[in-house]
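All you need for my numbering is the position in the sequence shown, starting with 1, plus 159.
Glycine residues also receive a C-beta, built at the ideal position from the N, C-alpha and C atoms.
Below is one structure, written out as structure tokens; comments come after it.
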Amino acid sequence: MFEDARSVPRDSTMEADVVIVGAGAAGITLARALSDTNLRVLLLESGGLEEEAKTDDLRHGLDSGEPYPVDFCRLRFFGGTTNHWGGWCRPLDPWVFSRRPWVDDQGWPIDRTTLDPYYEQAAGVVELPTEPTGWQWGWDYWRQELKDEGVPPLLDGDVVEGAMFRLSPPTRFGTRYRADLKRAERVVTLLHANALELETNDSAQLVTGVRVGTLSGNRFRVTGRIVVVAVGGLDVPRLLLLSDTTRPKGLGNDHDLVGRYFMDHREGSVGTAEIATLPTAFLGGKLSLFASRRALMALTPEVLEREQLLAVAVGIDDTTKGVAPLVDKATGVTAAQVGTVQRALYGGKSHAVDVFIRAEPKPNRSSRVVLGDERDALGQRRLDLRYTRSASDDASIRRTLEILAQELGRTGEGQLRIAPEYTEQVDNAFLVGCHLMGTTRMADDPTRGVVDRDLKVHGIDNLYIASSSVFPTVGFSNPTLTIVALTLRLRDEIVARLAP
Ligand SMILES: Cc1cc2nc3c(=O)[nH]c(=O)nc-3n(C[C@H](O)[C@H](O)[C@H](O)COP(=O)(O)OP(=O)(O)OC[C@H]3O[C@@H](n4cnc5c(N)ncnc54)[C@H](O)[C@@H]3O)c2cc1C
């Protein structure tokens, strides 16, 4: 059922077994998944059912590091940012979970097989088509499957492989699952309910309640045996940092990790290519025959390890603009490659395509969310994102394109031209994926991570986080499928603890 926080009696306390803060992909998934248990669930959502200007302003933040579209990257009403997400889905590749010393000194404390059953459930939640191919992501499978569409020889060697993505409709969690939550007898969704602070006992080992406020001025508390913070990857650290009554540096922040390691994928168009073999699976837009899936190209894990590169997925889009004249003044190392490829054996009918990337960031401790001095209408300090990219991010993009250009030329399949304005593009604030990751990273060791492998905040017995903020490393897959999978796993953890 739905209720409105503006009508809750002032200074009262509402009780539940599980309090979930935030009704986006994670919060709605968890509330639905718990609705078939006998646990009483309270889902707090800052916004209403539609976008409202005053609530919208609460998401406003500063970006005093590298330019970053802090406000655009998240929405503040029921359904959260899934109200405008793009629906691209892919699990994190198995090698993302392992320790890659050139990427990060720790990696994940769990492996991909731990998440596989939950990924399958998550695919249902985001409504990925499972027929006729079922749960298949590996390139070995897709190479066979796509044979009729003509897999280019480029993808048959051991340098470049395909990376299949699936496309959610895209599922708008707020509208798609509204009726389910309305029907759920033991789930109360409280709209216009802003979590202002997580309260704890004196030793800060137990969350004793959540202080809630509305823009109309109402104030009350909610309590739960378990509290799950699911407010998105920028607001999770903000709420922990704002919760400073018993711990002046914020909750879960004894080791100065909350808010650090903020990451996003670099995404955007980087140039054009002419390609001889044009498998439809690699195209979207007008030429797409299969709108439910898209294949991108990537260097194999062996090449990534040998070259010590971050992972970069490279996609092609049909272009309506035609191909611009070849430009030898293309910037950086790629210029030499363009020359090489231009001279490569190439002829016959070709297809002009735009080339875009989705690139893995390197976790960077100094890329962080802190609290700014400015306050919002609820009197809360706004967040300040000090986004800082690592030098190796762009170096990996350039090297990946260089190798891809070489392979295109070597196999005689085409030529790749990197846009001369590419250098400016990588500095463009909007060449990001709006994937808010890393700010409360997962690690078994409390000195190296904010949450443990079960998503529980280290040192606090009943506080959990459901968000891409827990990703310690990220590969190039979009995050939401993994957020949903981790959240479904969290559901089992909560049930095991509270309703065994
Ligand atoms: C333009 C765009 C395109 C995208 N495309 C893709 C894509 O193709 N594939 C993909 O995987 N991902 C994509 N994403 C990212 C995707 O939207 C997020 O990964 C996903 O929505 C995160 O889910 P979440 O539940 O963690 O947070 P959100 O969906 O942001 O939900 C958080 C909720 O918490 C609420 N909230 C915040 N603070 C409080 C508070 N103090 N108290 C109470 N409630 C609060 C918010 O109102 C919101 O409803 C895209 C994002 C953008 C912006």
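Exposed unless 16 or more other CB atoms sit within 10 angstroms - verdict on residue i
i, result
"His424", "buried"
"Ser627", "buried"
"Trp294", "exposed"
"Glu566", "buried"
"Gly297", "exposed"
"Gly735", "This structure cannot settle anything about residue 735, because the visible part of the chain is limited to 160 through 659."
"His617", "buried"
"Lys521", "buried"
"Glu457", "It should be noted that the sequence gives Ala, not Glu, for residue 457. Answer is buried; the Cβ neighbour count reaches 16."
"Tyr420", "buried"
Where the alpha helix (DSSP H) through residue i begins and ends
i, result
"Asp651", "Thr639 to Leu657"
"Phe332", "Phe332 to Arg335"
"Asp252", "Careful: Asp252 lies outside any alpha helix (DSSP H) and carries neither H nor E."
"Thr129", "Not covered by the structure: residue 129. The range shown for the chain is 160 to 659."
"Thr214", "Ala212 to Asp215"
First and last residue of the uninterrupted beta strand (DSSP E) at residue i
i, result
"Val591", "From DSSP, Val591 is part of no beta strand (DSSP E); its letter is neither H nor E."
"Tyr278", "No beta strand (DSSP E) contains Tyr278, which is instead part of the alpha helix (DSSP H) from Arg271 to Val284."
"Asp532", "Arg527 to Arg534"
"Ser362", "Where Ser362 is concerned, there is no enclosing beta strand (DSSP E), given that its DSSP letter is neither H nor E."
"Ala470", "Neither: Ala470 is in no beta strand (DSSP E) and is coded neither H nor E."
"Val381", "Arg378 to Val388"
Three-state secondary structure (DSSP) of residue i
i, result
"Gln303", "helix"
"Gln501", "Confidence at Gln501 is low in this model, with a pLDDT of 39, below 50, so the placement of that residue should be treated as unreliable; the coordinate-derived value is given next. Three-state DSSP puts Gln501 in a helix."
"Phe449", "Any reading at Phe449 must be qualified, since the residue scores a pLDDT of 45, below 50, and its modelled position is unreliable; the value itself is stated next. Coil."
"Arg191", "helix"
"Arg548", "coil"
"Leu463", "helix"
"Phe179", "The amino acid occupying residue 179 in the given sequence is Ile; Phe does not appear at that position. Strand, per DSSP."
"Trp298", "helix"
"Ala625", "coil"
"Val395", "helix"
"Ile556", "helix"
"Asp315", "helix"
"Asp476", "strand"
"Leu563", "helix"
"Thr240", "helix"
"Leu350", "strand"
"Leu340", "helix"
"Gly368", "strand"
"Ser636", "coil"
"Ala432", "strand"
"Leu221", "strand"
"Ala164", "helix"
Contact test: residue i Cβ vs ligand 1 heavy atom, cutoff 7 angstroms
i, result
"Leu203", "yes"
"Trp247", "yes"
"Gly186", "yes"
"Pro638", "yes"
"Ala338", "no"
"Asn353", "yes"
"Asp176", "no"
"Ile642", "yes"
"Arg380", "no"
"Arg235", "yes"
"Leu645", "no"
"Thr334", "no"
"Asp390", "Rather than Asp, the amino acid found at residue 390 in this sequence is Val. At least one heavy atom of ligand 1 is nearer than 7 angstroms to the Cβ of Val390, so yes."
"Ala182", "yes"
"Leu398", "yes"
"Ser375", "no"
"His594", "yes"
Cβ shell of residue i (< 7 angstroms), same chain only, five flanking positions each side left out
i, result
"Trp244", "Pro329 and Thr639"
"Ser327", "Gly246, Cys248, Val285, Glu286 and Leu287"
Beta-carbon contacts of residue i that lie in its chain and below 8 angstroms, excluding the five residues immediately before and after
i, result
"Thr606", "His414"
"Leu649", "Leu189, Val387, Asp613, Leu614, Tyr623 and Ala625"
"Arg331", "Gly238, Thr241 and Asn242"
Chain C contact for residue i (CB, 8 angstroms cutoff)
i, result
"Leu326", "Of the chains in the structure shown, none is chain C; there is only one protein chain."
Sequence-distant residues of its chain with Cβ nearer than 6 angstroms to residue i (five each side left out)
i, result
"Val591", "Asp423"
"Gly239", "Gly183"
"Thr373", "Ala164, Arg165 and His351"
"Leu251", "Gly634, Ser636 and Thr641"
"Cys593", "Cys232"
"Ser375", "Arg165"
"Thr348", "Phe161, Leu202 and Leu340"
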